[in-house]
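Here's the structure we're looking at; comments come further down.
2 protein chains.
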Amino acid sequence: MRVAIIGTGLVGASLGLSLRRLDEIDEVVGFDSDPVQLAVAVDRGALDSGAGSAAAAVRGADLVILAVPVSVVVDTAANLGPLLAPGTVLTDTTSVKARVVAAMRAAVRPGVHVIGGHPMAGSHETGADHASAELFVGATYLLTPTVDTDAGAYQRLHGLLARLGARPLAVDPARHDALVAVVSHLPQLAATTLMNLATDRAREEHAGLLLLAAGGFRDATRVAASNPDLWVEICAENRDAIVAVLDDYRERVGRLRSVLAVGDEASLRRELADARASRRSLPGKETMTGALVELHLPIPDRPGVLAEVTTTVGAIGVNIEDLGIDHAPEGGRGTLRLAIIGFKPAGRARDALEALGYEVLEQSL
Amino acid sequence: MRVAIIGTGLVGASLGLSLRRLDEIDEVVGFDSDPVQLAVAVDRGALDSGAGSAAAAVRGADLVILAVPVSVVVDTAANLGPLLAPGTVLTDTTSVKARVVAAMRAAVRPGVHVIGGHPMAGSHETGADHASAELFVGATYLLTPTVDTDAGAYQRLHGLLARLGARPLAVDPARHDALVAVVSHLPQLAATTLMNLATDRAREEHAGLLLLAAGGFRDATRVAASNPDLWVEICAENRDAIVAVLDDYRERVGRLRSVLAVGDEASLRRELADARASRRSLPGKETMTGALVELHLPIPDRPGVLAEVTTTVGAIGVNIEDLGIDHAPEGGRGTLRLAIIGFKPAGRARDALEALGYEVLEQSL
Chain A
1 MRVAIIGTGL VGASLGLSLR RLDEIDEVVG FDSDPVQLAV AVDRGALDSG AGSAAAAVRG
61 ADLVILAVPV SVVVDTAANL GPLLAPGTVL TDTTSVKARV VAAMRAAVRP GVHVIGGHPM
121 AGSHETGADH ASAELFVGAT YLLTPTVDTD AGAYQRLHGL LARLGARPLA VDPARHDALV
181 AVVSHLPQLA ATTLMNLATD RAREEHAGLL LLAAGGFRDA TRVAASNPDL WVEICAENRD
241 AIVAVLDDYR ERVGRLRSVL AVGDEASLRR ELADARASRR SLPGKETMTG ALVELHLPIP
301 DRPGVLAEVT TTVGAIGVNI EDLGIDHAPE GGRGTLRLAI IGFKPAGRAR DALEALGYEV
361 LEQSL
Chain B
1001 MRVAIIGTGL VGASLGLSLR RLDEIDEVVG FDSDPVQLAV AVDRGALDSG AGSAAAAVRG
1061 ADLVILAVPV SVVVDTAANL GPLLAPGTVL TDTTSVKARV VAAMRAAVRP GVHVIGGHPM
1121 AGSHETGADH ASAELFVGAT YLLTPTVDTD AGAYQRLHGL LARLGARPLA VDPARHDALV
1181 AVVSHLPQLA ATTLMNLATD RAREEHAGLL LLAAGGFRDA TRVAASNPDL WVEICAENRD
1241 AIVAVLDDYR ERVGRLRSVL AVGDEASLRR ELADARASRR SLPGKETMTG ALVELHLPIP
1301 DRPGVLAEVT TTVGAIGVNI EDLGIDHAPE GGRGTLRLAI IGFKPAGRAR DALEALGYEV
1361 LEQSL
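Just so you know, the sequences run in chain order A and B.
Anchor point for the first sequence: position 353 equals 353 in my numbering, and the numbering is continuous, going up by one each time.
Anchor point for the second sequence: position 182 equals 1182 in my numbering, and the numbering is continuous, going up by one each time.
Below is the structure:
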């Protein structure tokens, strides 16, 4: 299996480092528009070789990963998409999905398999210098299958990522964008707002104000130091979802303000206690341990089954550790196998799939 | 000099550990309503001895520090205030000041010197177990002198704290509460709101949502795990200031929402860039280095001069590293000496004081 990585910064080079450890990967070729990044990626062993151009890198690749910034991914897809041979899997690593997946799909010939990707792993460092083969271990890796995603292609990509130690989670592209608006884009804009409010107050009222900034303020504003260009792009790409989440947030701030203003201590205590309990039980980046349970589902031969099954399991917050497909000898039907860690999560997945009419057989491994 | 510390948790025991290192401190006695905390503080060397009661601890003390939670500080002051002899300095360590300082002043006899205190240092750990003599090194330590604060008493307390390595900053009690509403109380309530929004969305829409929580979300919600009881008390004590800041914050979130909704990228980029620049230049907890500059001010013998001078310097964000008073032999007037690190901050302090009509002489040490 031959992999091409376009964009060899932190994420691209980390994917190269970890993919090259797998037996099934014969070659990883890469390209970066910045020759320094490309040279560092080769030096660090993230690539077997650097290509002279993106077009040269993708030639003959079975898997093409666009690990470029969101601002250029659409153009990159438009340029490279037509060069890919049928059967190639094309994925990306950007943090918004609906428009990016649509652009990738529009750019490729029939038979090229587009599956959006978004690793929930990163670092405040950037560049191939800081790449690590361990970056994805235990991290949620979002995949966005759609109604016509090929099950075999999905299985190959899912399997590779799982063997890197990542925990794939399937989610619809539009749904993805609504979710990251909550967990990624809102925290950024809330931190920006808090930082600017404090700075303005310091300027207008009391220059000593920022001398009072202790740990809580520092934590709450840490991401405010992020790159403005990147965030302007992200906000443009995911505008509708972010605006909707900001409306929700603003309304909640207003409600809390009213609770305080009237001295409703019971409601205030409940808000604080709920948030504390949720924060304490926030799932971490960790490799799960527990019994591996396999669910077997006979699946009809109709489009969208793979996306429906995987995103249904994702929507109840359950990772699919591995995924396989057995085709019946007579064709037309097959069996999907999903490996899930833990009897409880597997039971919840089975219930959700049975509610959609699937027959599910559970088997512990 | 004899010090009494009431409440020997993290802050009280840390004060004990560091004060006992100073030559001028003859004895540190403490009391805690929790006998385990008191025993740990004695074991750790934070106290010369534990007293059998708070009343016994404060007997004969020159400095009494109420290092108890905000929920009990008013009652503690009411109980102990009448026992203090004229000349005693009474301070506290709670995070709200206007009402607490008023309560301390109402509780004491004439001649007892009340100066509110609030060290901007802490830890997510609590209790005497985690006390450290280094807790205050480089940390801003707010003091709230008022119009009738005795200059000599202020000088003694300021000097002690400076010799612990803390950086005293003077601020009016009501102003203090407005400032901490911005840098401490708003970050807490914003984190609580963000955490609850994400949890509700996870419950209502997509149980996988919290699996997507990466570093930005974790940082932004870290303080949401704080103790609800403590925060209900703080919100009650500082209600008006917090409500006003929440109004400002909500309005800014709304404005940012509009900027996004209309696609005003220039304004969005400016907001992001301003916040980034401010966050990157946030002053840290650090011991400053630079030339020590002394400002000499002849001061008239009228009430409020000490508070006016120190809070004016605090309001432009300049720490007074040390402070002394020379009394003229003929009485009636004296000279206040302020030690400030750096020529620029000293120049700004001089300008601000001259604008109030003080004659200021600058001298580098």
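For glycine and all other residues, C-beta sits at the position ideal for the given N, C-alpha and C.
Could you give the residue range of the beta strand (DSSP E) that holds Ile1242(B)?
To locate residue 1242(B), count along the second sequence from 1; it is residue 242. Taken as a continuous stretch (DSSP letters only), Ile1242(B) belongs to no beta strand (DSSP E), being part of the alpha helix (DSSP H) at Arg1239 to Ala1261.
Starting from Met1195(B), find everything on chain A with Cβ-Cβ shorter than 9 Å and list it in chain order.
Your numbering for residue 1195(B) matches position 195 in the second sequence. Within chain A, Asp274, Ala275, Arg276, Ser278, Arg279 and Leu282 have C-beta atoms less than 9 Å from the C-beta of Met1195(B), given in sequence order.
Is the segment 1054-1072 of chain B touching the segment 1165-1184 of chain B, taking contact as three or more C-beta pairs under 8 Å?
Verdict: no, contact absent.
Rounded to whole angstroms, what's the CA-CA distance from Ala1202(B) to Arg270(A)? Just pull it up for me.
Position 202 of the second sequence holds residue 1202(B). Position 270 of the first sequence holds residue 270(A). Inter-residue distance for Ala1202(B) and Arg270(A) is about 18 Å (C-alpha atoms, whole angstroms).
Distance, Ala1085(B) Cα to Ala1191(B) Cα:
For this step, residue 1191(B) is matched to residue 191 along the second sequence. For this step, residue 1085(B) is matched to residue 85 along the second sequence. Distance from the CA atom of Ala1191(B) to the CA atom of Ala1085(B), rounded to whole angstroms, is 44 Å.
Do Ala349(A) and Ile322(A) count as a contact pair if the criterion is CB distance below 7 Å?
Numbered from 1 along the first sequence, position 322 holds the residue referred to as residue 322(A). Numbered from 1 along the first sequence, position 349 holds the residue referred to as residue 349(A). Note that residue 322(A) is Asp in the sequence shown here, rather than Ile. No. Outside cutoff.
Option nearest Gln37(A) by Cα separation, candidates His130(A), Ser226(A), Trp231(A) and Ala121(A)
To locate residue 37(A), count along the first sequence from 1; it is residue 37. It is His130(A).
According to DSSP, what are the bridge partners of Arg1031(B)?
For this step, residue 1031(B) is matched to residue 31 along the second sequence. One detail in the question is off: residue 1031(B) reads as Phe in this sequence, not Arg. Per DSSP, the beta bridge partners of Phe1031(B) are Ile1006(B).
So that I know if they touch, is there some Cβ in chain B lying closer than 7 Å to that of Ile242(A)?
As a position in the first sequence, residue 242(A) is number 242, starting the count at 1. With 7 Å as the cut-off, Ile242(A) counts as an interface residue toward chain B.
Hey, does Leu1161(B) have any beta-carbon neighbour from chain A nearer than 7 Å?
As a working note, residue 1161(B) is residue 161 in the second sequence. Taking Cβ atoms only, chain A never reaches closer than 7 Å to Leu1161(B), which makes this a no.
Does the beta carbon of Arg1250(B) sit closer than 7 Å to a beta carbon anywhere in chain A?
Walking along the second sequence from the start, residue 1250(B) turns up at place 250. Arg1250(B) counts as touching chain A.
According to DSSP, what are the bridge partners of Pro1168(B)?
For this step, residue 1168(B) is matched to residue 168 along the second sequence. Answer is Tyr1141(B).
Test: Arg1350(B) CB closer than 7 Å to a CB of chain A:
Within the second sequence, residue 1350(B) is the residue found at index 350, counting from 1. The beta carbon of Arg1350(B) does not come within 7 Å of any beta carbon belonging to chain A, so the residue lies off that interface.
Just to confirm, are Leu1336(B) and Ile1320(B) a CB contact at a threshold of 7 Å?
Within the second sequence, residue 1336(B) is the residue found at index 336, counting from 1. Within the second sequence, residue 1320(B) is the residue found at index 320, counting from 1. Contact flag unset, no.
Tell me, please, whether the segment 1246-1254 of chain B touches the segment 242-251 of chain A by the rule of three or more beta-carbon pairs shorter than 8 Å.
Judged by Cβ distances under 8 Å, the segment 1246-1254 of chain B makes contact with the segment 242-251 of chain A, as three or more pairs qualify.
Three-way DSSP call (helix, strand, coil) for Gly1127(B) in this model
By one-based count along the second sequence, residue 1127(B) stands at place 127. Gly1127(B) falls in the coil class under three-state DSSP.
Residues that Gly342(A) contacts on chain B, provided the C-beta gap is smaller than 7 Å
Stepping through the first sequence from its first residue, residue 342(A) is reached at position 342. Per Cβ cutoff of 7 Å: no residues; Gly342(A) is ~14 Å from chain B at best.
Can you confirm whether Leu1295(B), when its beta carbon is compared against all beta carbons of chain A, has any partner nearer than 7 Å?
For this step, residue 1295(B) is matched to residue 295 along the second sequence. Taking 7 Å as the threshold, the shortest C-beta distance from Leu1295(B) to chain A does not fall below it.
Tell me the DSSP secondary structure of Val42(A) in three-state form.
If you number the first sequence from 1, residue 42(A) lands on position 42. In the structure shown, Val42(A) sits in a helix (DSSP, three-state: H, G or I).
Along the segment 130-141 of chain A, where does the CB come closer than 9 Å to a CB of chain B? Name the residues.
Residues of the segment 130-141 of chain A whose Cβ lies closer than 9 Å to any Cβ of chain B, in chain order: Ala139 and Thr140.
Can you tell me whether DSSP reads Leu1282(B) as helix, strand or coil?
Here the question's residue 1282(B) lines up with position 282 in the second sequence. The three-state secondary structure of Leu1282(B), taken from DSSP, is coil.
Tell me, please, whether the segment 1007-1015 of chain B touches the segment 311-319 of chain A by the rule of three or more beta-carbon pairs shorter than 8 Å.
Contact fails: fewer than three Cβ-Cβ distances are below 8 Å.
Does any residue of chain A bring its CB to less than 7 Å from the CB of Val1360(B)?
On the second sequence, position 360 is the one that residue 1360(B) refers to. By this cut-off, Val1360(B) is not an interface position.
Quick check on the DSSP output: the beta strand (DSSP E) that includes Ala1339(B) runs from which residue to which?
Taking the second sequence and counting its residues from 1, the one referred to as residue 1339(B) is at position 339. DSSP places Ala1339(B) inside the beta strand (DSSP E), whose first and last residues are Arg1333 to Ile1341.
I want to know whether the segment 1260-1276 of chain B touches the segment 226-241 of chain A - three or more CB-CB distances under 8 Å.
Output reads yes: the segment 226-241 of chain A touches the segment 1260-1276 of chain B.
Who are the Cβ neighbours of Asp1150(B) in its own chain at under 6 Å, not counting the five residues just before and after it?
Locating residue 1150(B) in the second sequence gives position 150, counting from the first residue. Same-chain partners within the cutoff: His1113.
Just reading off the alpha helix (DSSP H) that Val68(A) is part of, what are its end residues?
The residue you call residue 68(A) lines up with position 68 of the first sequence. Note, Val68(A): premise wrong, no alpha helix (DSSP H); not H, not E.
Taking buried to mean at least 16 other C-beta atoms within 10 Å of its own C-beta, is Leu197(A) buried or exposed?
Stepping through the first sequence from its first residue, residue 197(A) is reached at position 197. So Leu197(A) ends up on the buried side.
Below-7 Å beta-carbon distance, Pro187(A) vs any chain B residue
By one-based count along the first sequence, residue 187(A) stands at place 187. Chain B contact via Cβ: present.
Quick one: what's got a C-beta closer than 7 Å to Tyr154(A)'s C-beta in the same chain, skipping five residues either side?
By 1-based counting over the first sequence, the position of residue 154(A) is 154. Ile115, Pro145 and Leu306, listed in sequence order.
With DSSP run on the structure shown, which of helix, strand or coil describes Ser18(A)?
For this step, residue 18(A) is matched to residue 18 along the first sequence. In the three-state reduction of the DSSP assignment, Ser18(A) falls in the helix class.
Identify whether Val318(A) lies in helix, strand or coil by the three-state DSSP scheme.
Position 318 of the first sequence, counted from the start, is the residue given in the question as residue 318(A). Coil, per DSSP.
Close-in-space but distant-in-sequence residues of the same chain around Val1259(B) (CB under 6 Å, 5 per side omitted):
Position 259 of the second sequence holds residue 1259(B). The residues Ser1267 and Leu1268, in chain order, have a CB closer than 6 Å to that of Val1259(B) in the same chain once the five nearest residues on each side in sequence are set aside.
Closest to Pro1303(B) by C-alpha separation, out of Ala1067(B), Leu1143(B) and Asp1148(B), would be which residue?
Translated into positions along the second sequence, residue 1303(B) becomes position 303. Ranking Ala1067(B), Leu1143(B) and Asp1148(B) by CA distance to the CA of Pro1303(B) puts Asp1148(B) first.
What did DSSP end up calling Asp351(A) once you bin it into helix, strand or coil?
Within the first sequence, the letter at position 351 stands for residue 351(A). Under the three-state reduction of DSSP, Asp351(A) is assigned to helix.
Give the single residue among Val1096(B), Asp1062(B) and Thr1088(B) whose Cα lies nearest to the Cα of Val1232(B).
One-based indexing of the second sequence puts residue 1232(B) at position 232. When each option's Cα is compared against that of Val1232(B), the closest is Val1096(B).
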